[in-house]
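Participant: Let me give you the structure first, and then I'll get to my questions.
Protein chains in written order, with the numbering used here: chain B, 54 to 173; chain H, 30 to 140.
Put into structure tokens, the structure is as follows:
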């Protein structure tokens with residue numbers, strides 16, 4: 054079955070760019086019809102959707118993060134990536150990647166998550 | 030402040046039936062499917078309900094979902110200690126070019 058795994062630096066300095074990659078295994082990211090998502094969870098808080106990219110390359114973002122977020126897909130590596138610019142301590146969170154079958158929050162499966170701390 | 034409103038906590042005793050509510054608006058719950066997720070501490074969320082009331086394979090039929098107007102509910106019958114977890118509702122919101130929204134989460138305690 055499809056599995057997702059996040060990877061990237063666990064520590065990012067303020068004002069820098071947070072970059073994470075999600076590697077998809079057990080299936081092709083290009084197989085069609087899926088939306089590849091990033092979601093984050095601040096420590097002790099609820100879930101916040103960051104955005105998704107459709108397998109064709111079109112992307113939707115959370116309006117509150119849109120000016121700082123870019124999600125891209127690399128079909129040759131079966132990966133999709135997140136870039137969040139100008140980070141502050143408020144961006145410290147566990148970042149999850151997940152597949153959406155319908156583009157309406159039908160998120161399954163999820164990666165295990167990776168903690169990113171923004172600190173100097 | 031979450032777009033979808035859930036009670037921060039809920040509780041029940043083993044064997045009881047518990048419901049968790051999720052309130053939204055016409056631009057989200059009122060016009061789109063609702064999903065529910067279960068999350069244990071330190072773990073990734075897991076899809077529990079999709080398309081308002083559908084269960085993925087492997088999810089016990091003790092879990093059920095429903096939607097009416099701009100509100101949705103998750104019901105857990107035959108409550109078990111292992112159901113103690115955080116639960117989140119979620120849906121698509123048609124406003125601002127569209128985006129996924131989540132409820133603030135409900136911590137379920139089994140007494």
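For every residue, glycine included, the Cβ atom is placed at its ideal position computed from N, Cα and C.
Just so it is clear, the structure is predicted and the values come from calculations on it, not from any experiment.
1. Quick one, which residues of the segment 140-169 of chain B are near chain H if we go by CB-CB under 9 Å, in chain order?
2. Count the other CB atoms, across all protein chains shown, that sit within 10 Å of the CB of residue 42/H; report buried if there are 16 or more and exposed otherwise.
3. Kindly indicate which three-state DSSP category residue 90/H falls into: helix, strand or coil?
4. Under three-state DSSP, which class holds residue 154/B?
5. In the DSSP assignment, what residue or residues form a beta bridge with residue 100/B?
6. Within the segment 103-152 of chain B, note down every full beta strand (DSSP E) run reaching 3 residues or more, in order along the chain.
7. Please list, in chain order, all residues of the same chain as residue 61/H whose beta carbon is under 8 Å from its beta carbon, the five residues on each side excluded.
8. Comparing alpha-carbon positions, which option in 105/H, 37/H, 32/H and 117/H lies nearest residue 89/H?
9. Nearest-angstrom Cα distance between residue 71/B and residue 47/H?
10. From what residue to what residue does the beta strand (DSSP E) around residue 39/H run?
11. Mind checking if residue 84/H is an interface residue toward chain B, Cβ cutoff 9 Å exclusive?
12. Pull up the DSSP beta-bridge partners for residue 59/B, would you.
13. Using a C-beta to C-beta distance shorter than 7 Å, which residues of chain H count as neighbours of residue 100/B?
14. So, using beta-carbon positions, are residue 119/B and residue 76/B closer together than 9 Å?
15. Give the single residue among 84/B, 94/B, 117/B and 111/B whose Cα lies nearest to the Cα of residue 167/B.
16. List the residues of chain A whose Cβ lies closer than 8 Å to the Cβ of residue 125/H, in chain order.
17. With a threshold of 9 Å between beta-carbons, can residue 138/H be considered close to chain B, or not?
Facilitator: Taking the definition as stated:
1. 147, 149, 151, 153, 154, 155, 156, 157, 158, 159, 160, 161, 162, 163, 164, 165 and 166
2. As a first step, residue 42/H must be located in the second chain, where it is residue number 13. Exposed, since its Cβ has fewer than 16 Cβ neighbours within 10 Å.
3. Along the second chain, read from residue 1 onward, the residue named residue 90/H stands at position 61. Coil, per DSSP.
4. Residue 154/B sits at position 101 when you count from the first residue of the first chain. When secondary structure is reduced to three states using DSSP, residue 154/B falls in the coil class, being assigned neither helix nor strand.
5. Here residue 100/B is taken as the residue at index 47 of the first chain, counted from 1. Checking the DSSP bridge columns, you'll see residue 100/B partnered with 94/B.
6. 112-114, 122-127 and 132-137
7. Counting from 1 along the second chain, the entry for residue 61/H is found at position 32. For residue 61/H, where only same-chain residues beyond five positions count, the Cβ hits under 8 Å are 120, 121, 122 and 123.
8. To locate residue 89/H, count along the second chain from 1; it is residue 60. Comparing Cα positions, the closest option is 105/H.
9. Start at 1 with the first residue of the first chain, and residue 71/B comes out as number 18. Start at 1 with the first residue of the second chain, and residue 47/H comes out as number 18. About 40 Å.
10. Counted from its first residue, the second chain places residue 39/H at position 10. Looking at the DSSP string, the run of the beta strand (DSSP E) that includes residue 39/H is 38-41.
11. Locating residue 84/H in the second chain gives position 55, where the first residue counts as 1. No, no contact with chain B.
12. As a working note, residue 59/B is residue 6 in the first chain. Paired residue(s): 75/B.
13. Translated into positions along the first chain, residue 100/B becomes position 47. The answer, in chain order, is 74, 117 and 131.
14. Within the first chain, numbered from 1, the residue matching residue 119/B stands at position 66. Within the first chain, numbered from 1, the residue matching residue 76/B stands at position 23. The answer is no: Cβ separation not under 9 Å.
15. For this step, residue 167/B is matched to residue 114 along the first chain. Minimum Cα distance to residue 167/B is reached at 94/B.
16. The chain inventory of the structure shown lacks chain A, comprising the protein chains B and H.
17. Position 109 of the second chain holds residue 138/H. No, its Cβ sits nowhere closer than 9 Å to a Cβ of chain B.
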